[in-house]
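Per the working numbering, the sequence shown starts with residue 2, numbered consecutively. Data first, discussion second: the structure below is written as structure tokens.
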Amino acid sequence: MTARRPAKETARLGEAIYERDIRSQVESAHHGAIVAIDIDSGDWAVADTVLGAAERLREQRPEATDVWSVRVGHRAVYSFAGSSTRSAAG
């Protein structure tokens with residue numbers, strides 16, 4: 002299946018869903034894990050890898066076409082010399 006939305010729109014919606022509905026549920030227990038979000042339903046799954054999160058989400062929503070992923074506690078899924086969004090004290 003192919004995405005129905007432009008990538009920027011999927012990212013904007015995914016970020017909004019994550020901040021509004023998911024972040025508070027995963028931030029403390031899953032730091033560094035990946036969350037995959039079905040943009041249409043708001044359903045999501047968490048795993049240690051992008052592939053793992055996507056597979057878990059597909060088990061719930063096999064029809065999902067617009068999926069956005071985020072690494073818990075980070076600004077991006079992948080980074081080079083990147084840093085966590087956690088403060089040095091936390």
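Note that the Cβ used here is the ideal one computed from N, Cα and C, for glycine as well.
Ala37 is bridged by DSSP to Ala46 and Ser70. Sequence-distant Cβ neighbours of Arg62 in its own chain, meaning closer than 7 angstroms and more than five residues away, are Asp39, Ser42 and Asp44. Comparing alpha carbon positions, the residue from Glu56, Ser25 and Arg72 closest to Thr66 is Glu56. Straight through space, the alpha carbons of Tyr19 and His75 are spaced by roughly 12 angstroms.
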